[in-house]
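Student: In my numbering, the protein residues as written are 447 to 986.
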Amino acid sequence: MKSCNTFGRIVLVLLLYLFPLYLLSAERIDIIIPKPQKCVASKGHFVLNKQTGYSSDSRLAVNAIVYLQEHLKQSAGYRLSKRSRSKAALHFHYTLKSVKKAEGYRLIISKENIQIEARDSAGFFYGVVSLLQLMDPVIWGTKRAKNIWSIPSCNIEDYPRFKWRGLMLDSSRNFFSKSYVEKFIDRMAQHKLNRFHWHLTDDEGWRIEIKKYPLLTSVGAKRGPGTKLPFSTYPAMRGSKKRVQSGYYSQKDIREIVTYAKARAIEIIPEIDMPAHAKAALISYPKLLKDPQDKSRYRSVQMVSNNTLNPGMDSTYVFIDNVIAEVSRLFPFGYIHVGGDEVPKGAWKKSPAVVQIMQKKGLKNNQEVEEYFFTRIDKILEKHHKKMVTWQEVWKDKNSLRDKNIYMAWKSTNAAKKIMKTGNNVILAPVEYLYFDQQYRKSKGEPGHTWSTPVSTKKTYSFTPLHSSYVKGIEACLWSETLLNIKIADYLTWPRALALSEAAWTEQSQRQWKNFKKRVSEYGLPRLKIQGIHYRPMVR
Ligand code: TNX
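(1) Cα-Cα, which of Glu953, Val773, Phe819 is closest to Trp794?
(2) Can you tell me which of Thr762, Asp582, Glu603 puts its alpha carbon nearest to the alpha carbon of Leu553?
(3) For Ser471, which residues from the same chain have a beta carbon less than 8 Å from its beta carbon, with the 5 sequence-adjacent residues on both sides left out?
(4) How about Glu788 and Ser730: are their beta carbons less than 9 Å apart?
(5) Is Ile594 helix, strand or coil when you go by DSSP?
(6) Provide the residue span of the alpha helix (DSSP H) that contains Pro606, from first to last.
(7) Strictly under 9 Å for the Cβ-Cβ distance: is Ser858 near chain D by that measure?
(8) Within this structure, are the beta carbons of Leu662 and Ala727 separated by less than 9 Å?
(9) Compute the beta-carbon to beta-carbon distance between Ala522 and Trp595, rounded to the nearest angstrom, for a pair I have assumed lies under 8 Å.
(10) Check whether the Cβ atoms of His643 and Ile714 sit closer than 9 Å, and answer yes or no.
(11) Using beta-carbon positions only, say whether Thr952 and Pro480 come within less than 9 Å of one another.
(12) Report the three-state DSSP secondary structure of Arg745 (helix, strand or coil).
(13) May I ask you to check if the CB of Ser576 is nearer than 8 Å to at least one heavy atom of the ligand TNX?
(14) What residues in its chain sit with their C-beta under 7 Å from that of Asn495, if we drop five residues either side in the sequence?
(15) Decide if Arg607 is buried, meaning its Cβ has at least 16 other Cβ atoms within 10 Å, or exposed.
(16) With a threshold of 6 Å on Cβ separation, who are the neighbours of Leu938 within its own chain once the five nearest residues in sequence on each side are excluded?
(17) Nearest by alpha-carbon distance to Thr868: which of Lys806, Gly693, Val917, Pro900 is it?
(18) Just to confirm, are Ala711 and Ala635 a CB contact at a threshold of 9 Å?
(19) Grouping DSSP H, G and I as helix and E and B as strand, with all else coil, what is Asp582?
(20) According to DSSP, is Val789 part of a helix, a strand, or is it coil?
(21) Can you tell me whether His831 is buried or exposed? The criterion is at least 16 other CB atoms within 10 Å of its CB, across all chains shown.
(22) Judging by CA-CA distance, which residue of Ile770, Leu946, Lys557, Asn870 is the nearest neighbour of Val493?
(23) Does the structure place the segment 956-970 close enough to the segment 919-935 that three or more beta carbon pairs sit under 8 Å?
(24) What does a CB cutoff of less than 7 Å around Ala667 pick up in its chain, not counting 5 residues either side in sequence?
(25) Exposed or buried, what is Tyr468 when buried is set at 16 or more other beta-carbons lying within 10 Å of its beta-carbon?
(26) Using CA coordinates, which residue listed in Ser576, Leu577, Ser544 is at the minimum distance from Ala564?
(27) What number of angstroms, rounded off, separates the C-alpha of Val764 from the C-alpha of Asp737?
(28) Could you give the distance in angstroms between the alpha-carbon of Pro598 and the alpha-carbon of Cys485?
(29) In terms of alpha-carbon separation, which member of Gly780, Lys807, His913 lies closest to Ala950?
(30) Is it buried or exposed, Trp610, if we count other Cβ atoms within 10 angstroms and call 16 or more buried?
(31) For Gln977, which three-state DSSP category applies?
(32) Does the segment 838-846 come close enough to the segment 858-873 to have 3 or more Cβ pairs within less than 8 Å?
(33) In the DSSP assignment, find the alpha helix (DSSP H) that holds Phe820 and state where it starts and stops.
(34) Could you check whether the Cβ of Trp837 sits closer than 8 Å to any heavy atom belonging to the ligand TNX?
(35) For the ligand TNX, any of its heavy atoms closer than 8 Å to the Cβ of Cys485?
This is the structure:
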């Protein structure tokens, strides 16, 4: 008994002594963005070349394999061939045992082989994304770069902190080509962002083809001289008044973009903004959406006049129902964003149709009219088997909207807290951390909006999301009033989106600005550079 005790003590002392040594030898690999939850380096490298074969035991790995092969094809000039498990060095393995969380993966790289384990398609995809990040950054380029790739040995166990890791692009204020939208999506995927919120309609342009209402795009997607949409803000703030800002996505374009995103583990949330921010729709179909007797005159915060759909007329709801029917068929994801932000104060005040509905339904003020409007919109979405995402303005203390809906808290964290208190779900998108349309720092030379505080990369990185089951995730917004070209769009997005990705993916305890900053300058920016992204060079 006594000797056993002594033996035990010796083992304990040895363990205590060896443990720190083990930690020292197991050096971390600080390359990947967003930082994995657990990543331990081991000795040596795996050498990937033309002869390397792969094996897979799951259909769920298909997107991941295609993505890897596309990058190899471009940068190495070959694809890996499929082999039996015993003859392959790169294995894709489905497991519920060692990977416990949705979208999680294990990536084990040794001198002899590489194993990527996951339980779903996103997990396999993220395993490949991490693998690619561990390779020479030229793997992200489009040019043939090298034949042999040396990948450091390591053991990674990873999963996302939030289920919703979003980035919004406003295609209305300034239009972005299909090819830019795809690039935008691909860059999101490279950093494990998984919700592309696509702001498709606003005062300045309707950008999605709706077969039932062709004027939405033949009229509502054209802005500038010679068109019906000459706004105070056209073609966009600070832009030339001579430029015509036109463009929309055909349904074919959209189907292709949805497929493109799906292959990269990204869901798209289309936004049809209503009842305000709807000037383009109103100009295209005034008879359906405007009360002809309405004498109200008002301007939005962005100074656009009379931009709100009339909530007192049945034709408004028929229109929305038909639009949502087409939108629902195009976008398979379970949520549609229906806006709800910034209804101007004076809207509908003098509309007889609204007065009538107020009397009929016992609605006391504009607020209650808005509530009535969204109750009907919620029913329309339910009919089309979709849940609703809206801006925070739609939330009310007591409302009859479905519990599964999600509110985007953009004004402040306090707003999010209030919403959560009533048992409702939120996405955190606070302007002072996550509005990528704001300047990085206050300066005349910096592009971007100035109406809020500047949002430096460091500020975005410092965002500490609330911890609650009602917080479904976080999202950054790239509004496009000042985005006159794609260089500005790139600049305002990167490197802030790197900080976003880590705030959304990595557990708080693993995050540290200094470490992030080092990773960004050593690896993050070179990866953006090789892709020709016009990022902001200073990481501050
Ligand atoms: C507010 S945030 C808006 C947008 C503008 C943005 C400019 C929100 C829900 N609405 O319409 O583009 O500010 O920063």
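The C-beta atom is built at its ideal place from N, Cα and C for all residues, glycine as well.
Tutor: Per the coordinate set shown:
(1) Along the sequence shown, one-based indexing puts residue 794 at 348. Of the candidates Glu953, Val773, Phe819, the one whose C-alpha sits nearest the C-alpha of Trp794 is Phe819.
(2) The residue labelled residue 553 in the question sits at position 107 within the sequence shown. Residue Glu603 is the option with its Cα nearest to Leu553.
(3) As a working note, residue 471 is residue 25 in the sequence shown. Confidence in Ser471 is poor, its pLDDT being 43 and thus under 50, which makes the residue's placement unreliable; the coordinate value appears in the next sentence. Excluding sequence neighbours, Ser471 sits near nothing in its chain.
(4) Locating residue 788 in the sequence shown gives position 342, counting from the first residue. Locating residue 730 in the sequence shown gives position 284, counting from the first residue. No, the pair does not count as a contact, with Cβ atoms beyond the cut-off.
(5) Residue mapping note: residue 594 aligns to position 148 of the sequence shown, counting from 1. Correct three-state label for Ile594: coil.
(6) Counting from one through the sequence shown, the residue named residue 606 turns up at place 160. Where Pro606 is concerned, there is no enclosing alpha helix (DSSP H), given that its DSSP letter is neither H nor E.
(7) Chain labels in this structure do not include chain D; a single protein chain is all it has.
(8) Counted from its first residue, the sequence shown places residue 662 at position 216. Counted from its first residue, the sequence shown places residue 727 at position 281. Taking 9 Å as the Cβ cut-off, Leu662 and Ala727 qualify as a contacting pair.
(9) For this step, residue 522 is matched to residue 76 along the sequence shown. For this step, residue 595 is matched to residue 149 along the sequence shown. 7 Å between Cβ atoms; contact.
(10) Looking up residue 643 in the sequence shown gives position 197. Looking up residue 714 in the sequence shown gives position 268. Contact: yes.
(11) By 1-based counting over the sequence shown, the position of residue 952 is 506. By 1-based counting over the sequence shown, the position of residue 480 is 34. Yes, the Cβ-Cβ distance between Thr952 and Pro480 is below 9 Å.
(12) For the purposes of this step, residue 745 is taken as residue 299 along the sequence shown, with counting starting at 1. The answer is strand: DSSP assigns Arg745 an E or B state.
(13) As a working mapping, residue 576 is identified with position 130 in the sequence shown. No, since every heavy atom of the ligand TNX falls outside the 8 Å radius drawn around the Cβ of Ser576.
(14) Residue numbering aside, residue 495 sits at position 49 when the sequence shown is read from its first letter. Hits under 7 Å: Asn593, Ile594.
(15) Position 161 of the sequence shown, counted from the first residue, corresponds to residue 607. Buried: at least 16 other Cβ atoms inside 10 Å.
(16) If you number the sequence shown from 1, residue 938 lands on position 492. Phe882, Gly894, listed in sequence order.
(17) Reading the sequence shown from its first residue, position 422 is the one you call residue 868. Nearest option by C-alpha distance: Val917.
(18) The residue you call residue 711 lines up with position 265 of the sequence shown. The residue you call residue 635 lines up with position 189 of the sequence shown. Yes; because the gap between Cβ atoms is below 9 Å, this pair is in contact.
(19) The residue you call residue 582 lines up with position 136 of the sequence shown. Reduced to three states, the DSSP call for Asp582 is coil.
(20) If you number the sequence shown from 1, residue 789 lands on position 343. Val789: coil per DSSP, three-state reduction.
(21) By 1-based counting over the sequence shown, the position of residue 831 is 385. Classification for His831: exposed.
(22) Position 47 of the sequence shown, counted from the first residue, corresponds to residue 493. Nearest C-alpha to Val493: Lys557.
(23) Taking 8 Å as the limit for Cβ pairs, the verdict is that the segment 956-970 does not touch the segment 919-935.
(24) Residue 667 sits at position 221 when you count from the first residue of the sequence shown. Cβ within range, chain order: Gly651, Trp652, Arg653, Ser692, Gly693, Tyr694.
(25) The sequence position of residue 468 within the sequence shown is 22, counting from 1. Because the pLDDT at Tyr468 is just 41, under 50, the model does not fix this residue reliably, and the value given afterwards should be weighed accordingly. Answer is exposed; the Cβ neighbour count stays below 16.
(26) The residue you call residue 564 lines up with position 118 of the sequence shown. Answer by Cα proximity: Ser544.
(27) Position 318 of the sequence shown, counted from the start, is the residue given in the question as residue 764. Position 291 of the sequence shown, counted from the start, is the residue given in the question as residue 737. When rounded, the separation of the alpha-carbon atoms in Val764 and Asp737 is 15 Å.
(28) Here residue 598 corresponds to residue number 152 of the sequence shown, with the count starting at 1. Here residue 485 corresponds to residue number 39 of the sequence shown, with the count starting at 1. Pro598 and Cys485: Cα-Cα distance of roughly 12 Å.
(29) Translated into positions along the sequence shown, residue 950 becomes position 504. Among Gly780, Lys807, His913, the Cα nearest to that of Ala950 belongs to His913.
(30) Here the question's residue 610 lines up with position 164 in the sequence shown. Counting Cβ neighbours within 10 Å, Trp610 comes out buried, since at least 16 surround it.
(31) Locating residue 977 in the sequence shown gives position 531, counting from the first residue. Looking at Gln977 - three-state DSSP - the assignment turns out to be coil, as it is neither helix nor strand.
(32) Contact between the segment 838-846 and the segment 858-873 is present: 3 or more CB-CB pairs across the two stretches fall below 8 Å.
(33) Start at 1 with the first residue of the sequence shown, and residue 820 comes out as number 374. It spans 812-829 - the alpha helix (DSSP H) in which Phe820 sits, taken as one unbroken run.
(34) Numbered from its first residue, the sequence shown carries residue 837 at position 391. The answer is yes for Trp837.
(35) Translated into positions along the sequence shown, residue 485 becomes position 39. For the ligand TNX, not one heavy atom lies less than 8 Å from the Cβ of Cys485.
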